[in-house]
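Before any comments, here is the structure.
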Amino acid sequence: MAEASRPEASPATRDCTSGLAEAFVSVECALPQCEDCTVVAQRFSERAGIGELTLAAPLCAAGVRPGQFVHLRLPGLEAHILRRPFSVYRACASAGTITLLYQVVGAATRHMRSLSVGAELSILGPVGSGWEPGRAQRCLLLGGGVGAAPLFLLAEELVARGVALCLVLGAATRELLVCEDAFAGLVGSARCHLTTDDGSRGFKGRTTERAAALLADEPYDYIAACGPEPMLRKVAALAAAADIRCELSLERRMACGLGACLGCVVETTRSNQRACVDGPVFNARELCW
Ligand SMILES: Cc1cc2nc3c(=O)[nH]c(=O)nc-3n(C[C@H](O)[C@H](O)[C@H](O)COP(=O)(O)OP(=O)(O)OC[C@H]3O[C@@H](n4cnc5c(N)ncnc54)[C@H](O)[C@@H]3O)c2cc1C
Ligand code: FES
2 MAEASRPEAS PATRDCTSGL AEAFVSVECA LPQCEDCTVV AQRFSERAGI
52 GELTLAAPLC AAGVRPGQFV HLRLPGLEAH ILRRPFSVYR ACASAGTITL
102 LYQVVGAATR HMRSLSVGAE LSILGPVGSG WEPGRAQRCL LLGGGVGAAP
152 LFLLAEELVA RGVALCLVLG AATRELLVCE DAFAGLVGSA RCHLTTDDGS
202 RGFKGRTTER AAALLADEPY DYIAACGPEP MLRKVAALAA AADIRCELSL
252 ERRMACGLGA CLGCVVETTR SNQRACVDGP VFNARELCW
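Going by my numbering, the sequence shown opens with residue 2, and the numbers climb by one from there.
And the structure:
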């Protein structure tokens, strides 16, 4: 509401509400921005059921940090009132665009698949803590399926800093392996290791098996991973055994995405943390699995 349209408070009311007003101001400042945006590109693989949706979202594109996500509200999906969280896969501040990588699993993602260029939607974000590799010099990144999405901006940042980087991208089958070209283009195909459970592409086995071999071969000082929770638990165990700092991005179900509903609480050694605003990236050592 504009300041001029507010009714004038009495001096006494002003005194006792000033703290409250300040509290409101600080909550407002902490809230992620809401941005109306337009679809500028849609690519979809029918075989994989996975797509890339590029949005004109200049505010988000300019402010996003690697590992953050946006909370998406889709037009024409009023029956599903909750926004849906998606990692920012790619961002281009100069073009004012962000790209989301999405796998069709239910109503909202089916609807995303139907969006054409020009469709309008709303995003809240960027939200969340993001990766903190610090001064790491030798990094290992692991992405399981669409869990590769929050790793791309991190990989870009590390490559720009001249950090030695190795990637493991895994999926059940070759059709579900995503972002191979994007990551290989960034770090070179020799540093981009692929795994499939059925052996249809790359190493036959799990990302964690490939990671264990890489950890035995070379020293690393930071591991980042996103994917299914059983994979993340194994990554945490590998990192603990090798005494390497490790961060994991957790994909918890989220309702508000603002830290208010406590629906996404994660138990950590420090306290209960909200995956939406305190995460989704957590230090692996602090997670109480
Ligand atoms: C921080 C964060 C980042 C994410 N990033 C991506 C991403 O980059 N790409 C992507 O494809 N998905 C991502 N997800 C998951 C995505 O939010 C869900 O797949 C989506 O909300 C499903 O909506 P839906 O209506 O299509 O399916 P629903 O009908 O809501 O659910 C369909 C199925 O998916 C499962 N599911 C739904 N939401 C989640 C969730 N949050 N975590 C685990 N399982 C879930 C449900 O249990 C159900 O089995 C992310 C989730 C979080 C929390
Ligand atoms: S989704 Fe509501 S507190 Fe995290």
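Glycine is no exception: its CB is placed at the ideal position from the N, C-alpha and C atoms.
What you are looking at is a predicted structure, and each value in this text was computed from that prediction instead of being measured.
Straight-line Cα distance separating residue j from residue i
{"i": "GLY280", "j": "HIS194", "result": "27 Å"}
{"i": "GLY131", "j": "GLU248", "result": "10 Å"}
{"i": "LEU54", "j": "PHE153", "result": "15 Å"}
{"i": "ALA172", "j": "LEU83", "result": "28 Å"}
{"i": "TRP290", "j": "ASP244", "result": "18 Å"}
{"i": "GLY296", "j": "CYS167", "result": "There is simply no residue 296 to check, as the chain begins at 2 and stops at 290 in what is shown."}
{"i": "ALA212", "j": "ARG275", "result": "29 Å"}
{"i": "GLU4", "j": "GLY258", "result": "For GLU4, the predicted model reports a pLDDT of 33, less than 50, meaning its position is unreliable; a value from the coordinates is still stated below. Approximately 28 Å, taken between the alpha carbons."}
{"i": "ARG48", "j": "HIS112", "result": "17 Å"}
{"i": "GLU23", "j": "LEU32", "result": "Per-residue confidence for GLU23 stands at a pLDDT of 39, beneath the threshold of 50, marking its modelled position as unreliable; the derived number appears in the next sentence. When rounded, the distance between both Cα atoms is 14 Å."}
{"i": "GLU230", "j": "PRO67", "result": "20 Å"}
{"i": "SER95", "j": "PHE87", "result": "22 Å"}
{"i": "ARG286", "j": "GLY203", "result": "30 Å"}
{"i": "VAL26", "j": "SER250", "result": "Any reading at VAL26 needs caution, since the residue's pLDDT is 36, under 50, leaving its predicted position unreliable; the model's value is listed next. About 30 Å."}
{"i": "THR208", "j": "ALA214", "result": "10 Å"}
{"i": "THR174", "j": "ASP198", "result": "6 Å"}
{"i": "LEU288", "j": "ARG246", "result": "13 Å"}
{"i": "GLY163", "j": "GLY77", "result": "45 Å"}
{"i": "ARG74", "j": "ALA185", "result": "32 Å"}
{"i": "ARG271", "j": "MET255", "result": "21 Å"}
{"i": "GLY200", "j": "CYS93", "result": "35 Å"}
{"i": "ASN284", "j": "LEU263", "result": "20 Å"}
{"i": "ASN273", "j": "CYS265", "result": "10 Å"}
{"i": "ALA191", "j": "GLY50", "result": "27 Å"}
DSSP state of residue i mapped onto helix, strand, coil
{"i": "ARG246", "result": "coil"}
{"i": "LEU259", "result": "coil"}
{"i": "ASP37", "result": "strand"}
{"i": "GLY186", "result": "helix"}
{"i": "ARG91", "result": "strand"}
{"i": "THR208", "result": "helix"}
{"i": "LEU102", "result": "strand"}
{"i": "CYS265", "result": "coil"}
{"i": "VAL71", "result": "strand"}
{"i": "CYS227", "result": "strand"}
{"i": "GLU181", "result": "helix"}
{"i": "ALA96", "result": "coil"}
{"i": "VAL236", "result": "helix"}
{"i": "LEU155", "result": "helix"}
{"i": "SER115", "result": "helix"}
{"i": "VAL160", "result": "helix"}
{"i": "GLY52", "result": "strand"}
{"i": "ARG175", "result": "helix"}
{"i": "CYS167", "result": "strand"}
{"i": "LEU251", "result": "coil"}
{"i": "ARG84", "result": "coil"}
{"i": "GLY193", "result": "Just to set this straight, residue 193 is Cys in the shown sequence, not Gly. Strand."}
{"i": "ALA276", "result": "coil"}
{"i": "ARG66", "result": "coil"}
{"i": "PRO57", "result": "The sequence as given places Ala at residue 57; Pro does not occur at that position. Of the three classes helix, strand and coil, the one that applies to ALA57 here is strand, per DSSP."}
{"i": "ALA44", "result": "The question names Ala, but residue 44 is Arg in the sequence shown. In the structure shown, ARG44 sits in a strand (DSSP, three-state: E or B)."}
{"i": "LEU32", "result": "coil"}
Within 9 Å, strictly: CB atoms of residue i and residue j
{"i": "VAL89", "j": "GLY126", "result": "yes"}
{"i": "ALA165", "j": "ARG139", "result": "yes"}
{"i": "LEU116", "j": "GLN43", "result": "yes"}
{"i": "GLY148", "j": "GLY52", "result": "no"}
{"i": "HIS282", "j": "GLY260", "result": "According to the sequence as given, residue 282 is Val; it is not His. For VAL282 and GLY260, no; Cβs fall outside 9 Å."}
{"i": "LEU56", "j": "ILE99", "result": "yes"}
{"i": "GLY107", "j": "ALA63", "result": "no"}
{"i": "GLU323", "j": "THR196", "result": "Shown here, the chain extends from 2 to 290; a query on residue 323 therefore has no answer."}
{"i": "TYR223", "j": "PRO134", "result": "yes"}
{"i": "GLU121", "j": "CYS38", "result": "yes"}
{"i": "ALA58", "j": "ARG85", "result": "no"}
{"i": "CYS61", "j": "GLN104", "result": "no"}
{"i": "LEU187", "j": "LEU216", "result": "no"}
{"i": "GLU36", "j": "ILE124", "result": "yes"}
{"i": "ALA183", "j": "LEU159", "result": "no"}
Integer-rounded CB distance, given that residue j should sit under 8 Å from residue i
{"i": "LEU233", "j": "ALA242", "result": "About 15 Å; that fails the 8 Å criterion."}
{"i": "VAL41", "j": "VAL118", "result": "6 Å"}
{"i": "PHE70", "j": "ARG114", "result": "Actually they are not in contact, since the Cβ atoms of PHE70 and ARG114 sit about 19 Å apart, beyond 8 Å."}
{"i": "GLY146", "j": "VAL179", "result": "7 Å"}
{"i": "ARG253", "j": "VAL267", "result": "7 Å"}
* Asked: Which ranges would you report for the beta strand (DSSP E) in the stretch 121 to 148 if only whole runs of at least 3 residues count?
  -> 121 to 128, 139 to 145
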